[in-house]
Amino acid sequence: MYDLVVKDGMIITASGPLFADIALENGKIAALGKKLKGRQELNAQGLMVLPGVVDAHVHLDLPVRGDRSSDDFLSGTGAALAGGVTTVVDFTVGSHETALVEDLESRLETARPAVADYSFHCEVIGWRPGKEEQIAQAVERGITSFKFFTAYGDSGRRSDGGTLFRCFSKIAELGAVAVVHAEDDELIRVLTSELSEEQKGSMRALARTRPDTCEGAAIDQVAFYGEATGASVHVVHVSSGLGASRIDLARRRGVDITGETCPQYLFLTDEVYDRPDGHLYSASPALRSNRDRQALWSLLSSGVLDFVATDHCPFTRAQKTWKGSFSDLPYGLPGVELLLPLVYQGVLKGLIPVEHLPLITSQAPADRYGLTGKGRIVPGYDGDLVIFDPSAKWTVRAEDLHMNVDFSPYEGMEIQGKVLTTISRGEVVFGNGALCCDPGRGRFIPRKPRPTAPQSRGT
Ligand SMILES: [Zn+2]
Numbered sequence: 059m060y061d062l063v064v065k066d067g068m069i070i071t072a073s074g075p076l077f078a079d080i081a082l083e084n085g086k087i088a089a090l091g092k093k094l095k096g097r098q099e100l101n102a103q104g105l106m107v108l109p110g111v112v113d114a115h116v117h118l119d120l121p122v123r124g125d126r127s128s129d130d131f132l133s134g135t136g137a138a139l140a141g142g143v144t145t146v147v148d149f150t151v152g153s154h155e156t157a158l159v160e161d162l163e164s165r166l167e168t169a170r171p172a173v174a175d176y177s178f179h180c181e182v183i184g185w186r187p188g189k190e191e192q193i194a195q196a197v198e199r200g201i202t203s204f205k206f207f208t209a210y211g212d213s214g215r216r217s218d219g220g221t222l223f224r225c226f227s228k229i230a231e232l233g234a235v236a237v238v239h240a241e242d243d244e245l246i247r248v249l250t251s252e253l254s255e256e257q258k259g260s261m262r263a264l265a266r267t268r269p270d271t272c273e274g275a276a277i278d279q280v281a282f283y284g285e286a287t288g289a290s291v292h293v294v295h296v297s298s299g300l301g302a303s304r305i306d307l308a309r310r311r312g313v314d315i316t317g318e319t320c321p322q323y324l325f326l327t328d329e330v331y332d333r334p335d336g337h338l339y340s341a342s343p344a345l346r347s348n349r350d351r352q353a354l355w356s357l358l359s360s361g362v363l364d365f366v367a368t369d370h371c372p373f374t375r376a377q378k379t380w381k382g383s384f385s386d387l388p389y390g391l392p393g394v395e396l397l398l399p400l401v402y403q404g405v406l407k408g409l410i411p412v413e414h415l416p417l418i419t420s421q422a423p424a425d426r427y428g429l430t431g432k433g434r435i436v437p438g439y440d441g442d443l444v445i446f447d448p449s450a451k452w453t454v455r456a457e458d459l460h461m462n463v464d465f466s467p468y469e470g471m472e473i474q475g476k477v478l479t480t481i482s483r484g485e486v487v488f489g490n491g492a493l494c495c496d497p498g499r500g501r502f503i504p505r506k507p508r509p510t511a512p513q514s515r516g517t
């Protein structure tokens with residue numbers, strides 16, 4: 059007799075559907091089989107069962123220019139569970155003054171109320187000699203991914219080429235991953251300086267100042283550094299066909315480089331900037347053309363892009379009040395709760411095969427970031443499951459969602475497929491449309507670097 063058995067579901071695995079019961083014991087997956095018995099049983103007949111989704115890119119309670127993203131760790135991870143996301147990877151908040159481990163300690167404190175499991179990418183900001191040792195110290199504390207910006211020089215977040223190169227060398231030595239926001243800062247700066255006063259007052263100009271060339275050029279730079287140092291590189295929020303093609307090119311010559319895209323780049327285009335509420339769609343990278351959108355689906359399907367993450371960074375309508383220029387807006391969109399339902403629309407449209415669903419929403423991010431015990435429905439793994447009704451139809455309305463934000467970029471969109479139940483470490487945490495778990499139950503997941511670091515080419 060197991061603690062909990064999910065009965066008769068269609069388990070979606072990378073090698074196709076599997077009809078079996080899943081038994082959970084002590085928070086772990088204990089067995090897959092027929093006629094398994096549990097003290098608690100959930101009937102999943104006619105439903106899909108997927109591994110708990112891993113959203114490897116969220117910004118909860120993020121301080122931005124004296125304000126904060128509108129979801130804190132309680133509301134944000136609650137919304138995550140409601141959308142089948144059982145693990146999130148957020149970011150530490152780096153600064154020029156503090157050490158990486160200090161940033162981590164303070165972020166762990168902020169994250170205490172979380173209800174889903176979580177880890178952090180350590181944000182590397184404000185290089186000074188000695189920072190490489192801080193990377194080693196953070197690895198000791200269970201952080202194996204480090205976030206760099208090639209953009210945002212104005213706010214002091216950008217790392218220059220020399221910094222990136224030295225940090226990548228250390229990351230290669232330690233078997234960690236360099237996570238990069240890749241946009242060419244100089245290009246953004248010059249294109250912004252050339253805008254007329256009228257253009258500065260239009261949302262369209264946001265896309266004009268951050269074209270796909272920006273993304274492609276910055277990806278080339280970090281790919282070359284990854285190649286020379288042997289570092290594993292991951293490019294966040296790939297938004298253009300050009301950007302993804304540069305990842306493909308680097309990987310073909312042997313660079314350990316991966317990329318993610320986000321629902322906003324798979325579903326929305328820069329046409330939204332012409333709408334009266336276009337300012338609500340402020341994000342960077344900017345939304346792009348329909349051609350890019352189609353290319354991203356195809357590159358996700360072919361494996362050039364490894365997974366989907368949301369870059370969930372919500373701001374309310376009030377926080378996004380239009381003040382006359384796109385440069386005065388906080389950038390970011392809500393998304394964590396809709397990751398799985400949105401990606402599933404791609405399955406329905408034949409854009410990605412159903413067996414890719416667990417890969418691109420769970421297994422690939424868990425593997426890339428060393429989230430041991432996450433990402434697969436296999437005995438010994440954490441009991442993180444989603445029971446998903448593939449035929450339920452519903453309409454996106456911000457007011458029906460759990461995210462603490464008063465609009466949705468997908469408002470009114472007709473969706474097929476709904477998360478019915480979410481199980482985290484063997485516990486039913488969301489069901490019958492409601493969360494059923496205590497604040498603070500989420501756990502920090504410490505990670506280990508890869509056992510053998512790749513060989514550096516000696517630069
Ligand atoms: Zn982000």
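If you use my numbering, the sequence shown closes out at 517, no skipped numbers anywhere.
Just so you know, even glycine gets a beta-carbon here, dropped at the ideal spot from N, CA and C.
According to DSSP, is phenylalanine 178 part of a helix, a strand, or is it coil?
Looking up residue 178 in the sequence shown gives position 120. Reduced to three states, the DSSP call for phenylalanine 178 is strand.
I'd like the ranges of any beta strand (DSSP E) spanning at least 3 consecutive residues and lying wholly in the segment 283-334.
290-293, 315-319
Going straight from the alpha carbon of phenylalanine 178 to that of histidine 239, what length do you get?
In the sequence shown, residue 178 corresponds to position 120, counting from 1. In the sequence shown, residue 239 corresponds to position 181, counting from 1. If I take the Cα positions, the gap works out to 15 Å.
Tell me the DSSP secondary structure of histidine 460 in three-state form.
Residue numbering aside, residue 460 sits at position 402 when the sequence shown is read from its first letter. Here histidine 460 sits in coil by DSSP.
For serine 347, which option in Leu326, Ser340, Ala341 has the closest C-alpha, if you only look at C-alpha atoms?
As a position in the sequence shown, residue 347 is number 289, starting the count at 1. It is Leu326 whose Cα lies nearest to the Cα of serine 347.
Please report how far the alpha carbon of valine 294 lies from the alpha carbon of asparagine 462, in whole angstroms.
By 1-based counting over the sequence shown, the position of residue 294 is 236. By 1-based counting over the sequence shown, the position of residue 462 is 404. About 24 Å.
Please report the Cβ distance between threonine 144 and aspartate 175, rounded to the nearest whole angstrom; I am assuming they are in contact, meaning their Cβ atoms lie under 8 Å.
As a first step, residue 144 must be located in the sequence shown, where it is residue number 86. As a first step, residue 175 must be located in the sequence shown, where it is residue number 117. Right, their Cβ atoms sit about 6 Å apart.
Phenylalanine 384 in three-state terms, based on DSSP:
Counting from 1 along the sequence shown, the entry for residue 384 is found at position 326. It is helical.
In the DSSP assignment, what are the bridge partners of serine 482?
Here residue 482 refers to the residue found at position 424 when the sequence shown is read from its first residue. Beta-bridge pairing links serine 482 to Glu485.
Nearer than 7 Å: is that true of the beta carbon of aspartate 369 relative to any heavy atom of ligand 1?
Taking the first residue of the sequence shown as 1, we reach residue 369 at position 311. Checking every heavy atom of ligand 1 against the Cβ of aspartate 369, one is found closer than 7 Å.
Say whether the segment 147-164 touches the segment 459-478, bearing in mind that this needs 3 or more beta-carbon pairs closer than 8 Å, one atom from each stretch.
no
Does ligand 1 have even one heavy atom less than 7 Å from the beta-carbon of valine 294?
On the sequence shown, position 236 is the one that residue 294 refers to. Yes.
Using only alpha-carbon positions, find the residue among Pro372, Ser482, Leu345, Thr168 that is nearest to lysine 432.
The count along the sequence shown starts at 1 and reaches residue 432 at position 374. Selected option, being the one with the closest Cα: Ser482.
Cα-Cα separation between glycine 184 and glutamate 457, rounded to whole angstroms:
Position 126 of the sequence shown holds residue 184. Position 399 of the sequence shown holds residue 457. Glycine 184 and glutamate 457: Cα-Cα distance of roughly 40 Å.
I'd like the list of long-range same chain contacts for glycine 110, defined as Cβ closer than 8 Å, with 5 residues on each side in sequence excluded.
Walking along the sequence shown from the start, residue 110 turns up at place 52. So the list reads Gly142, Val143, Thr144, Thr145, Ser420, Lys432, Asp440, Asp442, Leu443, Val444, Thr480, Ile481, Ser482, once near-sequence residues are dropped.
Whole beta strand (DSSP E) elements within the segment 77-125, 3-residue minimum
86-91, 96-101, 106-109, 111-113
Pull up the DSSP beta-bridge partners for valine 444, would you.
Along the sequence shown, one-based indexing puts residue 444 at 386. Note: valine 444 sits in a beta bridge opposite Leu108, Thr480.
Looking only at its chain, what residues have a beta carbon closer than 6 Å to the beta carbon of lysine 258, apart from the 5 residues adjacent to it on each side?
For this step, residue 258 is matched to residue 200 along the sequence shown. Cβ within range, chain order: Ser383.
Hey, how far is the Cα of threonine 316 from the Cα of isoleucine 305?
Stepping through the sequence shown from its first residue, residue 316 is reached at position 258. Stepping through the sequence shown from its first residue, residue 305 is reached at position 247. For threonine 316 and isoleucine 305, the distance between alpha carbons rounds to 7 Å.
Under 7 Å: does the beta carbon of histidine 337 sit that close to some heavy atom of ligand 1?
Position 279 of the sequence shown, counted from the first residue, corresponds to residue 337. No; taking the cut-off as 7 Å, the Cβ of histidine 337 has no heavy atom of ligand 1 nearer than that.
Determine the direct distance from the alpha carbon of alanine 276 to that of alanine 292, and round the result to whole angstroms.
Position 234 of the sequence shown, counted from the start, is the residue given in the question as residue 292. Position 218 of the sequence shown, counted from the start, is the residue given in the question as residue 276. It should be pointed out that residue 292 corresponds to histidine in this sequence rather than to alanine. Going by the C-alpha atoms only, they are around 12 Å apart.
Out of Leu82, Arg499, Pro75, Gly74, which has the shortest C-alpha to C-alpha gap to aspartate 61?
Taking the first residue of the sequence shown as position 1, residue 61 is located at position 3. The candidate whose alpha carbon is nearest that of aspartate 61 is Leu82.
Quick one: Cα of lysine 381 to Cα of phenylalanine 465, how far?
Position 323 of the sequence shown, counting from 1, holds the residue named residue 381. Position 407 of the sequence shown, counting from 1, holds the residue named residue 465. Taking the straight line from one Cα to the other gives about 18 Å.
Taking the alpha-carbon positions, what's the serine 298 to glycine 361 distance?
Translated into the one-based positions of the sequence shown, residue 298 becomes position 240. Translated into the one-based positions of the sequence shown, residue 361 becomes position 303. Straight-line Cα distance between these residues: approximately 15 Å.
Cβ-heavy atom distance between histidine 179 and ligand 1 below 7 Å?
Your numbering for residue 179 matches position 121 in the sequence shown. For ligand 1, not one heavy atom lies less than 7 Å from the Cβ of histidine 179.
Span of the alpha helix (DSSP H) around tyrosine 402:
Position 344 of the sequence shown, counted from the first residue, corresponds to residue 402. 397-406 is the extent of the alpha helix (DSSP H) around tyrosine 402.
Where does tryptophan 355 sit, in a helix, a strand or coil, going by DSSP?
The residue you call residue 355 lines up with position 297 of the sequence shown. Note: tryptophan 355 maps to helix in three-state DSSP.
Report the partner residues of alanine 236 according to the DSSP bridge assignment.
For this step, residue 236 is matched to residue 178 along the sequence shown. Answer is Phe204, Val291.
With 16 as the cutoff for other CB atoms within 10 Å, does threonine 517 come out buried or exposed?
Taking the first residue of the sequence shown as position 1, residue 517 is located at position 459. At threonine 517 the pLDDT is 42, less than 50, meaning the model places this residue with poor confidence; the figure from the coordinates comes in the next sentence. Classification for threonine 517: exposed.
Sheet register partners of glycine 141 (DSSP bridge)
By 1-based counting over the sequence shown, the position of residue 141 is 83. Bridge partners of glycine 141: none, in fact.
In the structure shown, what three-state DSSP assignment does lysine 451 receive?
Working through the sequence shown from its first residue, we reach residue 451 at position 393. Residue state, collapsed to three classes: strand.
Take phenylalanine 204 as the anchor and find which of Glu190, Thr250, Asp212, Glu285 has the nearest alpha-carbon.
Locating residue 204 in the sequence shown gives position 146, where the first residue counts as 1. Nearest option by C-alpha distance: Glu190.
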